[in-house]
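Heads up, the thing below is written out as structure tokens.
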Amino acid sequence: MAEEEIQVEEGLFPVLKWDQGLSEQITRGFRFPPEWDAQYPRKGQTTAHAPSGYITIFEDFFLQGNFRLPATEFMASILHFYGFHISQMSPVDMVRVRHFEFLCRSHGIEPSVEKFRAFYQLIRNIEFYSFGNQGSAKKILLNPPKSFHDWKMKFFFIREEVMPIAIIFRELDTIEKEELPIPKGVDWYLKLTATPNRIFGENVLVAAQMSDKWPETSNEVPVLKFEDREVHLYQAAFPTFGGSMGVRPLQSGEPYWYEQIKGNFLYPPIRVFANPPSATEGAQLPKPRPLRDVTSTGKEILFLSSEESVGSSQEELSSWSNIFEGVLRDLG
Numbered sequence: 001m002a003e004e005e006i007q008v009e010e011g012l013f014p015v016l017k018w019d020q021g022l023s024e025q026i027t028r029g030f031r032f033p034p035e036w037d038a039q040y041p042r043k044g045q046t047t048a049h050a051p052s053g054y055i056t057i058f059e060d061f062f063l064q065g066n067f068r069l070p071a072t073e074f075m076a077s078i079l080h081f082y083g084f085h086i087s088q089m090s091p092v093d094m095v096r097v098r099h100f101e102f103l104c105r106s107h108g109i110e111p112s113v114e115k116f117r118a119f120y121q122l123i124r125n126i127e128f129y130s131f132g133n134q135g136s137a138k139k140i141l142l143n144p145p146k147s148f149h150d151w152k153m154k155f156f157f158i159r160e161e162v163m164p165i166a167i168i169f170r171e172l173d174t175i176e177k178e179e180l181p182i183p184k185g186v187d188w189y190l191k192l193t194a195t196p197n198r199i200f201g202e203n204v205l206v207a208a209q210m211s212d213k214w215p216e217t218s219n220e221v222p223v224l225k226f227e228d229r230e231v232h233l234y235q236a237a238f239p240t241f242g243g244s245m246g247v248r249p250l251q252s253g254e255p256y257w258y259e260q261i262k263g264n265f266l267y268p269p270i271r272v273f274a275n276p277p278s279a280t281e282g283a284q285l286p287k288p289r290p291l292r293d294v295t296s297t298g299k300e301i302l303f304l305s306s307e308e309s310v311g312s313s314q315e316e317l318s319s320w321s322n323i324f325e326g327v328l329r330d331l332g
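full-length UniProt numbering puts the first residue of the sequence shown at 1, with every later residue one more than the last.
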């Protein structure tokens, strides 16, 4: 049976416009397991054409927003609290969420929706949901990006089970402005100060507990160093910082680093991929699903180099190829 084309408004759902080879580099470079079934869309398809049982993911989530799969518990809590689907989020707002998560982790603070709301409030941005600054709260993201070129046209489809949480497609409703008290005297609020956003190398994200790409039984812990001294991880965000990522040995009785961080991630139970999703294609909007118990899959072990560059600022890396080259170098 021929596929039935869905009539969509061009401005709302721009048609696919990026190379299949680059899509495959995403799949290989970020080590997507085959069962995730990441798919390059067909010619003429839009983000609304995700097959039933699949979700749409924008490539700039990874290359500009430091997003990784499996997703973190904090990322899931943002989607759950605000009640919108990940495909209703722009890469610019992925930057805000992941920057906040990095800032918290690098200061030894557990990120939470409550803390996030102290700095940001949900707003509607045409057909997407976005995050604006929260009233008189201090600004913690220096020089936030305005947008990324053609980001709506660069996407792929992937099995919805890779995000094992109940995420729904939210109707574009009116959002009331929040008036929340600013926790000016609270310790965690004082620690979070204005910091640039950077496209980080993988080991920075591992050290920040935002990527799980670390050997499960490694006797080393990723740390930021300057002149052979371990320094605070948040300094990696500053372009003028002259240090680099290195490692330190595990201390006596200290668990493997992977064991310390794996609880921050949502691993899809391997059994959910045993059956194929529905073959019916079209503009399928995800249906709410119950929260599931999450167990670790037998993930691929990645051995990364013990030293890597810290990352890149928005100004330093402008082309897609340069960004991806740096990410792949750090992934090994």
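Glycine included, each C-beta is placed from N, C-alpha and C at the ideal position.
With contacts defined as CB atoms closer than 8 Å, residue 27 and residue 210 fail to qualify as a contacting pair.
In this structure, the alpha-carbon of residue 150 lies about 44 Å from that of residue 255. DSSP links residue 230 through a beta bridge to 225. Between the beta-carbon of residue 192 and that of residue 70 there is about 25 Å, and that puts the pair past the 8 Å contact cut.
In the DSSP annotation of this structure, the continuous segment of the beta strand (DSSP E) that includes residue 57 starts and ends at 54–58. Per DSSP, the continuous alpha helix (DSSP H) segment holding residue 203 begins and ends at 202–207. Counting along the chain, residue 211 sits inside no alpha helix (DSSP H), nor does DSSP assign it H or E at all.
A direct Cα-to-Cα measurement between residue 80 and residue 221 gives close to 31 Å. Its chain contains 118, 183 as the residues whose beta carbon lies nearer than 7 Å to that of residue 189, once the 5 sequence neighbours on both sides are disregarded; these appear in chain order. For residue 172, the closest C-alpha among the options 20, 130, 111 is that of 130. The C-beta distance from residue 14 to residue 46 rounds to 7 Å, short enough to fall under 8 Å. Per the Cβ contact rule, the stretch 244–253 is not in contact with the stretch 47–59 (fewer than 3 Cβ pairs under 8 Å). Under a 10 Å Cβ-count criterion, residue 268 is classified as buried, with 16 or more other Cβ atoms of the shown protein chains found around its own Cβ.
Ranked by Cα distance from residue 38, the options 24, 44, 48 are led by 24.
For residue 233, the closest of 105, 239, 78 by C-alpha to C-alpha distance is 105.
In this structure, residue 16 sits away from residue 33, with a CB-CB distance that is not shorter than 8 Å. In the displayed model, residue 89 falls within a strand according to three-state DSSP. Assignment of residue 245 by DSSP, reduced to helix, strand and coil, places it in the strand class.
Taking a 10 Å sphere around the C-beta of residue 141, we find 16 or more other C-beta atoms and assign the residue as buried. Shown here for residue 97: same chain residues with a beta carbon closer than 7 Å to its own, the five before and five after excluded, namely 75, 78 in chain order.
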